[in-house]
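**Student:**
2 protein chains.
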Amino acid sequence: MADAARNLRELLSRFTDQWQPMAIAAVNDYEVKLAKVQGDFIWHQHDDTDELFLVIDGTLTISLPGRDVELRAGELYVVPRGVQHCPRAQDEAAILLIEPKGTVNTGEAAGPRTTTVLQLD
Amino acid sequence: MADAARNLRELLSRFTDQWQPMAIAAVNDYEVKLAKVQGDFIWHQHDDTDELFLVIDGTLTISLPGRDVELRAGELYVVPRGVQHCPRAQDEAAILLIEPKGTVNTGEAAGPRTTTVLQLD
Numbered sequence: 001m002a003d004a005a006r007n008l009r010e011l012l013s014r015f016t017d018q019w020q021p022m023a024i025a026a027v028n029d030y031e032v033k034l035a036k037v038q039g040d041f042i043w044h045q046h047d048d049t050d051e052l053f054l055v056i057d058g059t060l061t062i063s064l065p066g067r068d069v070e071l072r073a074g075e076l077y078v079v080p081r082g083v084q085h086c087p088r089a090q091d092e093a094a095i096l097l098i099e100p101k102g103t104v105n106t107g108e109a110a111g112p113r114t115t116t117v118l119q120l121d
Numbered sequence: 001m002a003d004a005a006r007n008l009r010e011l012l013s014r015f016t017d018q019w020q021p022m023a024i025a026a027v028n029d030y031e032v033k034l035a036k037v038q039g040d041f042i043w044h045q046h047d048d049t050d051e052l053f054l055v056i057d058g059t060l061t062i063s064l065p066g067r068d069v070e071l072r073a074g075e076l077y078v079v080p081r082g083v084q085h086c087p088r089a090q091d092e093a094a095i096l097l098i099e100p101k102g103t104v105n106t107g108e109a110a111g112p113r114t115t116t117v118l119q120l121d
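Residue numbers (this note's numbering), protein chains in the order written: chain A, 1 to 121; chain B, 1 to 121.
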């Protein structure tokens, strides 16, 4: 990962595929990822790690058991490890994620929505 | 750390002291901190960890040996572990930091600018 400043909106302008995260920076063994999302993801959980969501543009809803957390631009939420969640966005939203390298987007659920994280460079 | 959404600008509106970080969320053993900064901090380094700076408002300059990294709102930079750096801001800036819990703001330099991280709740 190059030692360079990252402009989040400039990087997001390059994104074409929704739900395709790209790692743009690393903090020790954690990755900072960007993604554009729209529609419903799948219910899943990460048994071994918390997962930070920060909304850059738009609105993201994180459905949790029994409640929804709605995040607008400039708002963040950390899904605790082991908690089932389903991210969704009615209109396209841009999000930043922070979690350990190797965290799989679909967590313990796996399946056809599982993707490899792209690397910026 | 409460299981709640965090609005970065709303939280920053409560800040009065510059260079006084407040932890607003945790991702495993990492802390997400906010701070308002103005003027020059001190040259220091963190021998054991990288340190992520994301600018929320204003402009932050991170002086490094031989060069400056200038970050505007929506831009981030990760100072690699062991690299001397001096954050500075001509006008007040608001920043988000991510690093392991227990990371000291003045790193190996210590001294009178060392502060305890406040906890949101």
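Backbone N, C-alpha and C define an ideal beta-carbon position, used for all residues, glycine too. Being a predicted model, the structure only gives us computed values, none of them experimental.
Whose Cβ in chain A lies nearer than 7 Å to the Cβ of Thr49(B)?
**Tutor:** Residue mapping note: residue 49(B) aligns to position 49 of the second sequence, counting from 1. By Cβ distance, chain A contributes Asn28.
**Student:** Does DSSP put Leu154(A) in a helix, in a strand, or in coil?
**Tutor:** Chain A is shown only over 1 to 121; residue 154(A) falls outside these bounds and no answer can be derived.
**Student:** At the level of alpha carbons, what is the spacing between Gly74(B) and Met22(B)?
**Tutor:** The residue you call residue 74(B) lines up with position 74 of the second sequence. The residue you call residue 22(B) lines up with position 22 of the second sequence. Looking at the two C-alpha atoms, the distance is approximately 20 Å.
**Student:** Can you check which of these residues, Thr59(A), Ala4(A), Asn28(A), Asp3(A), is closest to Leu76(A) by C-alpha distance?
**Tutor:** As a position in the first sequence, residue 76(A) is number 76, starting the count at 1. With distances taken between Cα atoms, Leu76(A) lies closest to Thr59(A).
**Student:** Return the first residue and the last residue of the alpha helix (DSSP H) that Glu10(A) is part of.
**Tutor:** Translated into positions along the first sequence, residue 10(A) becomes position 10. Unbroken alpha helix (DSSP H) run through Glu10(A): 8 to 12.
**Student:** Report yes if the CB atom of Phe41(B) is closer than 7 Å to the CB atom of Ile95(B), and no otherwise.
**Tutor:** Counting from one through the second sequence, the residue named residue 41(B) turns up at place 41. Counting from one through the second sequence, the residue named residue 95(B) turns up at place 95. Against a cut-off of 7 Å, the Cβ pair of Ile95(B) and Phe41(B) comes out as no contact.
**Student:** Fully enclosed by the stretch 20 to 98 of chain B, which alpha helix (DSSP H) runs are 4 residues long or longer?
**Tutor:** none
**Student:** Buried or exposed: where does Glu99(A) fall if 16 or more other Cβ atoms within 10 Å of its Cβ makes it buried?
**Tutor:** Taking the first sequence and counting its residues from 1, the one referred to as residue 99(A) is at position 99. With 16 or more other Cβ atoms within 10 Å, it is buried.
**Student:** How about Val78(B) and Asp50(B): do their beta carbons lie closer than 7 Å?
**Tutor:** Indexing the second sequence from 1 puts residue 78(B) at position 78. Indexing the second sequence from 1 puts residue 50(B) at position 50. Their beta carbons are under 7 Å apart, which means Val78(B) touches Asp50(B) by this criterion.
**Student:** Pro100(A) by DSSP, collapsed to three states: which one?
**Tutor:** By one-based count along the first sequence, residue 100(A) stands at place 100. Here Pro100(A) sits in strand by DSSP.
**Student:** Mark Arg6(B) as exposed unless 16 or more other C-beta atoms lie within 10 angstroms of its C-beta, in which case mark it buried.
**Tutor:** The residue given as residue 6(B) occupies position 6 in the second sequence. Looking at its Cβ environment, which holds 16 or more other Cβ atoms inside 10 Å, Arg6(B) is buried.
**Student:** Since His46(A) and Arg88(A) are thought to touch, with beta carbons under 8 Å apart, how far apart are those beta carbons, to the nearest angstrom?
**Tutor:** By 1-based counting over the first sequence, the position of residue 46(A) is 46. By 1-based counting over the first sequence, the position of residue 88(A) is 88. Going by Cβ atoms, the distance from His46(A) to Arg88(A) rounds to 17 Å, so no, they are not a contact pair.
**Student:** Who are the Cβ neighbours of Ser63(A) in its own chain at under 6 Å, not counting the five residues just before and after it?
**Tutor:** Here residue 63(A) refers to the residue found at position 63 when the first sequence is read from its first residue. Only Cys86 meet the Cβ criterion.
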